[in-house]
Amino acid sequence: MRDVYVLGIGMTRFGELWASSFRDLFVEAALEAIGDAETDRLDSMYIGCMSGGLFVGQEHIGALMADYLGRAPIPATRVESACASGGAAVRLAYLEVASGASEIVLASGVEKMTDGADVTAALATAADQEYEVYHGVTFPGLYALMARAHMFKYGTTREQLAQVAVKNHYHGTMNPNAQYPFEITVEQVLASSMVADPLRLLDCSPVTDGAAAVILASEEIAKKAQAHPLVRIAASAQASGALALHDRDDITYLDTVAKASQLAYQQARITPEKVDVTEVHDCFTIAELCVMEALDYTEPGKAANLVEAGETRIGGRMPINTSGGLKAKGHPVGASGVAQIAEITAQLRGEAGDRQVAEARIGLAQNMGGTGASCTVHILEGLA
Amino acid sequence: MAGIVGYGAYVPCYRIKAEDIARQWGGDPGAVKRGLLLEEKTVPGLDEDTITISVQATRYALQRAGISPAEIGAAYIGSESHPYAVKPSGTVLIDALGIGPEVHVADYEFACKAGTEAMFVAWSHVQAGHMKYALGIGADTSQGAPGDALEYTASAGGAAFIMGKENVAAEILETYSFTTDTADFWRKEHEYYPQHAGRFTGEPAYFRHIEGAGRGILEKSGRKPEDFAYVVFHMPNGKFPLRAGKLLGFRKEQIEEGWLVNIMGNTYSGSSPTGLAAILDVAKPGDLIFMVSFGSGAGSDAFIFQATKRLPEIQSKAPGIRAILGENRRYLDYGQYAKYRRKIIFNSPV
Amino acid sequence: MKSPQYTREIPQRYRLEAQKCKQCGKIHFPPRLICDACQSRDFEDVHLAGKGRVLTWTVIHVAPAKFDLEAPYVIAIVEMEEGVRLTCQVVDCNPEELALNAPVEMVFRRIQEDGQADIIQYGHKAVLQRE
C-alpha cells in the first residue's frame, strides 16, 4: 500500500440552510475542495450519507452527485455507516488511492436534515430497529443510558458533562462555518430543556444541513501540488461492534473506538500522547468523554477531569474539537466524519485561523455511527 | 365434576375519582358518589387493552392452575372492547402464553355478559369431555361518552378462568341462562361510545334478567339463598347489585366480598368474573358461591360454584385482586384521563 | 413495522424466546444463526423467565412521533436473571422510583402502532417489583 495525501478540503456552512437542496450542498462542498486542491482531475468519488432516503426521500446518491458535479461518468458510490458514513467514505477513498487503483479520489459527506422529516425517528434507524427502537428509544435516549451508567460507575457529574458543551461552543466561536458560533455557560446547559434524562438540549448536537469534501491523492500527485503544506494520512482504521447498546459488555466503554484507535496507532507508529490536535464524535456530551477514554487519552472514568482542567481547550495539552465539534459546528450526520478530516487538515497545514493549535504536527479524527457500533479513526501527519 | 382449576384477575394501576369526573361536567360530586356508591374507577394505561389485561389475568390463572399452557384446548375472550373490529383478540393471547397452535379460539361479545359466556362455553367443553382444559376470560377497557352517566363507571380490568376436571378448586354445580331481546344499551359499528336507554336499563333490563336467571338457577338446583357463603352479580354501579341481592333474598354480607365496584368501577365483561375472583381469593372448602352476570341486549348467565379443598392451596400462588386494587394506585386528573382514554382529537400521527 | 416483520418476531416479542449456545453457554436474545462468542451454530431454545434488574435508564422527553403521547416515559437496559440484557420501557411508575439494580418483571403490553388504522404491535415492558 502506498502513501495517501490530503490534497484539498471544502465544506459548506453548517446550519439550517433553507435555500440549499441536498444536491446543492454536496456540489458546493465538492467544488470548494476541488478548488482548494487546484486540480481538475478526479478518478472516482465516494459520498457518505446516512439517510437520504428518510430525510429527503432520495437514494441512489452516488450517481446523482456525480451528475450534478458534472463528473459523470466517473464511478461514484454512496457509503452508509450511520453517523460514521463520512469517516467510512474517507477510508474507502483512502484505500482506493493506497491500492494504486486511482490517483485522485473525492471523499465527501452530505446530509439535508431540515426538510421536514421526523428527524428523531430517522436518526433512530442507526440503532437496532427491532430490539431497541421498537420500544421507543431515541438517540439522545441511548446516550443518556450511557451517561447514567457512566455516572454510576465513575461518579461523573452533570456539571462535568456540561463542561464539554461549554468548551466546544467556545471553540465554535472561532469557526466561521459553525452552526452555533456563540458561547454558552454550564448554567445554561443545566437549565436547558430535558431531552432524555440526564441529557438536556445543550448536551445534544443539533439538527444540521451541510456537506464536506476532501480530495485524496497519491504521493506522486501530492508532491507536484504547491497550494498548501502537505498532509499525509498516516493511518486509516475502522472497527465494528454490537449494534445494540445492551449487547456490550460495558455500556460505558466504546470497544470499537478502542479497537480502531489501536489499529491506527500501530499503523501510524505513534502513541496517543503524540497527537497534537483531535476531532472526536461529540454527538452528545457524554460521547466526547467516552471517546477520550477509549482513545486511551486517559484511563476510563478520568476524561471529565481533563475537560475540567482545560486540557482539551485550545491552548491546553490536548485540544479536542477545535472546530467546535458536532455540538457547536453542527452535525449533518453523513458529513461530520469528512468535516473532521477537513478540520485536522487545516490545523496541520497551519491554516486554521483563530483556532489554530500551535505547532500541530499530528492530528486524529474519530467518527462513529449509532452508539459506536461503527467507528473510523484517521491519523494525519503534517509535513510542513 | 368439572370446574375452575385456576383463576386470575387483573386491573390497571391508573385511577380517576368519581368526584373529579363530576367536577369536570359541573355535577355534584357528593350526589354522584352517593347515587352510584362509587369512589373511583380503574383506567387502562396507554399501553393496555383487553388483550394485555387478558394475558396478565391468564398468567395468574396459569400460576394457580399449575398446568402447562399447551394443555389448554380452547381460549375464549369475552369483551365489548376487543381492540380490533376484525381480527381476534384471542390469537394474540394464545401466542403470548404459549397455548396452541392446537387450540380453538373465539372472541365473544354480549355487552357485559361476554365474560361469563366465555366461561360457560369453556366449562361446557371440559364437562363434555372435548378437551382437558379450556380458558374463559372476561375483560374490558370500556368507554363511556364524555359527560354521560356511564363515564363515572366504565372502567378496565378482567378475570380469567381455566376449566378442567382434575385438581378442581371450585366445582360448577349448576348453570342457568335467561335471555330476551331487550334494547337497553348498544353500540353500532364505527360508533365510538355506546348509547343507552336511561332508566330503561334498570327494571326491564338489569333487574328482570338477573332475577330471571337467579330464580331459575335456585329452582333448578333446589337451593335457597341462605345456602350460599358468597354472592356476586354484574356491577354496573354500586347500587344495582345490592338491590338485586335483596330482590333474590340475599343478605348484604353475602355480597360484600365480591362487591368491588366502589373502588374498581364497572369492568363490563370483567365485572362479575372479577368479583368472583375476589371471592375465590378468600372462600373456604365447601363454600357455595352464587353468581349472576348481566349483559345488555339482554341476558344473564347464572352459576353455582362450590369451593374444594384445593382452593386454599392455590389462593396465594398469584396476587389477589383486592391486593392488586390496593397497591400502586396512580391517580389521573380529568385532562390526563381524557388523554389516556384517547378522548382528545390529535393531528396524525399519534 | 409492517405485519410480515412483526409476525416473524412473535416468539421473541410475545414469549421472550431466546437461545443458549450449546458450545459456550452464551444466551442470545434474540436468537442468532451463529454465536458471536464462539462461532458455534448449535443452540438450544430457552425462555426468559421475565425477571431482571435495571442497569441504567433514561426518561425520554422528546419522543418519536409514534410515542409522543406516552412521553415522558422510562427506557431501561435490563439484565435478565438468565444474564442476557435487553432494552425496554419501564411503566406504571414515577421515574423517581427507578434505582440502580431495581428488580423488575416483564409484562405484556402494547408497544406501538404505525397509525390508527394499522396493526397493534405488542411486546414486553418492565414494571418495578413492589414486594
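Residue numbers (our numbering), protein chains in the order written: chain U, 73 to 456; chain F, 1055 to 1404; chain C, 6 to 136. Every residue, glycine too, gets a C-beta built ideally from N, C-alpha and C.
### Message
Quick check: the Cα distance between C/Pro108 and C/Val59, rounded to an integer number of angstroms?
### Response
Here residue 108 of chain C is taken as the residue at index 103 of the third sequence, counted from 1. Here residue 59 of chain C is taken as the residue at index 54 of the third sequence, counted from 1. Computed Cα separation, rounded: 7 Å.
### Task
Hey, could you find the ends of the alpha helix (DSSP H) U/Leu178 is sitting in?
Numbered from its first residue, the first sequence carries residue 178 of chain U at position 106. Here U/Leu178 belongs to no alpha helix (DSSP H); instead the beta strand (DSSP E) covers Ile176 to Glu183.
### Message
According to DSSP, F/Trp1240 sits in a beta bridge with which residue or residues?
### Response
Numbered from 1 along the second sequence, position 186 holds the residue referred to as residue 1240 of chain F. Paired residues: F/Gln1249.
#### Entry: Cβ shell of F/Val1315 (< 6 Å), same chain only, five flanking positions each side left out
Translated into the one-based positions of the second sequence, residue 1315 of chain F becomes position 261. Within the same chain, Cβ atoms closer than 6 Å to the Cβ of F/Val1315 are found at Met1289 and Gly1292, the five residues on either side in sequence being excluded.
### Message
For a quick check, are the C-beta atoms of F/Ala1150 and C/Arg20 less than 9 Å apart?
### Response
As a working mapping, residue 1150 of chain F is identified with position 96 in the second sequence. As a working mapping, residue 20 of chain C is identified with position 15 in the third sequence. Contact: yes.
#### Entry: Delimiting residues of the alpha helix (DSSP H) encompassing C/Tyr127
Translated into the one-based positions of the third sequence, residue 127 of chain C becomes position 122. No alpha helix (DSSP H) holds C/Tyr127; the beta strand (DSSP E) holding it covers Ile125 to Leu133.
### Task
Say whether chain F places a C-beta atom closer than 9 Å to the C-beta of C/Gln44.
As a working mapping, residue 44 of chain C is identified with position 39 in the third sequence. Taking Cβ atoms only, chain F never reaches closer than 9 Å to C/Gln44, which makes this a no.
### Message
Does any residue of chain F have a CB that is nearer than 9 Å to the CB of C/Phe113?
### Response
Residue numbering aside, residue 113 of chain C sits at position 108 when the third sequence is read from its first letter. Closer than 9 Å: yes.
### Query
On the three-pair Cβ rule with 8 Å, is the region 149 to 159 of chain U touching the region 378 to 395 of chain U?
Three or more Cβ pairs closer than 8 Å define a contact, and the region 149 to 159 of chain U falls short of that threshold against the region 378 to 395 of chain U.
#### Entry: According to DSSP, residues forming a beta bridge with C/Met111
Numbered from its first residue, the third sequence carries residue 111 of chain C at position 106. Paired residues: C/Ala131.
### Task
Evaluate U/Lys401 with the Cβ neighbour count: other Cβ atoms within 10 Å of its Cβ, from every protein chain shown; 16 or more gives buried, anything less gives exposed.
In the first sequence, residue 401 of chain U corresponds to position 329, counting from 1. Flag for U/Lys401 reads buried.
### Query
Quick one: which chain U residues come within Cβ less than 9 Å of C/Gln24?
As a first step, residue 24 of chain C must be located in the third sequence, where it is residue number 19. Correct list: empty, because the minimum Cβ distance to chain U is about 14 Å.
### Query
Using a C-beta cutoff of 9 Å, does U/Ile323 count as contacting chain C?
For the purposes of this step, residue 323 of chain U is identified with residue 251 of the first sequence, where counting begins at 1. True, the Cβ-Cβ gap to chain C drops below 9 Å.
#### Entry: Identified DSSP bridge partners for F/Tyr1357
For the purposes of this step, residue 1357 of chain F is taken as residue 303 along the second sequence, with counting starting at 1. Note that residue 1357 of chain F is Phe in the sequence shown here, rather than Tyr. According to DSSP, which records beta bridges pairwise, F/Phe1357 is partnered with F/Thr1229 and F/Met1345.
### Message
Does chain C have any CB closer than 9 Å to the CB of U/Asp190?
### Response
On the first sequence, residue 190 of chain U is found 118 positions in, with the first residue counted as 1. The C-beta of U/Asp190 comes closer than 9 Å to at least one C-beta of chain C.
### Query
C/Arg90 touches chain U at which residues, Cβ-Cβ below 8 Å?
For the purposes of this step, residue 90 of chain C is taken as the residue at position 85 of the third sequence. Residues of chain U passing the Cβ test: His318 and Asp319.
#### Entry: Where C/Tyr19 meets chain F, residues with beta-carbon distance less than 7 Å
To locate residue 19 of chain C, count along the third sequence from 1; it is residue 14. Chain F residues near C/Tyr19: Asp1149 and Ala1150.
### Query
CA-CA distance, F/Asp1101 and U/Val76?
Walking along the second sequence from the start, residue 1101 of chain F turns up at place 47. Walking along the first sequence from the start, residue 76 of chain U turns up at place 4. Cα to Cα, F/Asp1101 sits roughly 55 Å from U/Val76.
#### Entry: Cβ of C/Lys71 within 9 Å of any chain U Cβ
If you number the third sequence from 1, residue 71 of chain C lands on position 66. Yes, contact with chain U.
### Query
Mind pulling the alpha helix (DSSP H) runs of 4 or more residues that sit fully within the region 380 to 407 of chain U?
Whole alpha helix (DSSP H) segments, 4+ residues: 397 to 401.
### Task
Just the C-alpha distance for U/Glu104 and U/Asp96, rounded to the nearest angstrom, thanks.
Walking along the first sequence from the start, residue 104 of chain U turns up at place 32. Walking along the first sequence from the start, residue 96 of chain U turns up at place 24. Distance between the alpha carbons of U/Glu104 and U/Asp96 is about 12 Å.
### Query
So which residues of chain C does F/Gln1110 contact, with C-beta pairs closer than 8 Å?
Counted from its first residue, the second sequence places residue 1110 of chain F at position 56. Ordered by position in chain C, the residues that pass the 8 Å Cβ test against F/Gln1110 are Val112 and Phe113.
### Query
Between C/Cys93 and U/Leu315, what straight-line distance do the alpha-carbon atoms span, to the nearest angstrom?
Taking the third sequence and counting its residues from 1, one reaches residue 93 of chain C at position 88. Taking the first sequence and counting its residues from 1, one reaches residue 315 of chain U at position 243. Going by the C-alpha atoms only, they are around 16 Å apart.
### Task
Return the chain-ordered list of same chain residues with a C-beta closer than 7 Å to the C-beta of F/Tyr1260, the five sequence neighbours on each side being excluded.
Here residue 1260 of chain F refers to the residue found at position 206 of the second sequence. If we look at F/Tyr1260 and ignore the five residues flanking it on each side, its Cβ neighbours are Pro1290, Phe1294 and Phe1348.
#### Entry: DSSP state of F/Val1285 mapped onto helix, strand, coil
For the purposes of this step, residue 1285 of chain F is taken as the residue at position 231 of the second sequence. Reduced to three states, the DSSP call for F/Val1285 is strand.
### Message
Which residues of the region 260 to 274 of chain U have a Cβ closer than 8 Å to any Cβ of chain C? Give them in chain order.
### Response
Ser265, Met266, Val267, Ala268, Asp269, Pro270 and Leu271
### Message
Could you check whether the Cβ of F/Pro1137 sits closer than 9 Å to any Cβ belonging to chain C?
### Response
In the second sequence, residue 1137 of chain F corresponds to position 83, counting from 1. Output row for F/Pro1137: interface = yes.
### Between the CA atoms of F/Gly1353 and F/His1263 - distance to the nearest angstrom
Within the second sequence, residue 1263 of chain F is the residue found at index 209, counting from 1. Within the second sequence, residue 1353 of chain F is the residue found at index 299, counting from 1. Taking the straight line from one Cα to the other gives about 6 Å.
#### Entry: Whole-angstrom C-beta distance between U/Ala306 and U/Ile81, which should lie under 8 Å
Here residue 81 of chain U is taken as the residue at index 9 of the first sequence, counted from 1. Here residue 306 of chain U is taken as the residue at index 234 of the first sequence, counted from 1. Going by Cβ atoms, the distance from U/Ile81 to U/Ala306 rounds to 17 Å, so no, they are not a contact pair.
### Query
Can the beta-carbon of U/Arg433 be found closer than 9 Å to that of U/Ser395?
Numbered from 1 along the first sequence, position 361 holds the residue referred to as residue 433 of chain U. Numbered from 1 along the first sequence, position 323 holds the residue referred to as residue 395 of chain U. No.
### Task
Identify, in the order they occur along the chain, each residue of the same chain with its Cβ nearer than 7 Å to the Cβ of F/Val1404, setting aside the five sequence neighbours on each side.
What you label residue 1404 of chain F is simply residue 350 of the second sequence in a count that begins at 1. Model confidence at F/Val1404 stands at a pLDDT of 43, short of 50, so the residue's coordinates are unreliable; what they give is reported in the following sentence. Nothing listed; no residue qualifies.
### Message
Relative to the C-alpha of F/Lys1141, which candidate in F/Tyr1247, F/Ala1160, F/Glu1156 and F/Phe1215 has its C-alpha closest?
### Response
In the second sequence, residue 1141 of chain F corresponds to position 87, counting from 1. The candidate whose alpha carbon is nearest that of F/Lys1141 is F/Ala1160.
### Message
I'd like the list of long-range same chain contacts for U/Arg74, defined as Cβ closer than 7 Å, with 5 residues on each side in sequence excluded.
### Response
Residue mapping note: residue 74 of chain U aligns to position 2 of the first sequence, counting from 1. Only Ala170, Gly172, Ser290 and Glu291 meet the Cβ criterion.
### Task
May I ask you to list, following chain order, the residues of the region 46 to 72 of chain C that have a beta carbon less than 9 Å from some beta carbon of chain U?
Leu60, Thr61, Trp62, Thr63, Val64, Ile65, His66, Val67, Ala68, Pro69, Ala70, Lys71 and Phe72
### Message
Looking at chain C, is there any beta carbon in it that lies within less than 9 Å of the beta carbon of U/Phe224?
### Response
Counting from 1 along the first sequence, the entry for residue 224 of chain U is found at position 152. Yes, because at least one Cβ of chain C sits closer than 9 Å to the Cβ of U/Phe224.
### Query
Okay, do the region 173 to 183 of chain U and the region 1056 to 1067 of chain F touch, 3+ Cβ pairs below 8 Å being the bar?
no
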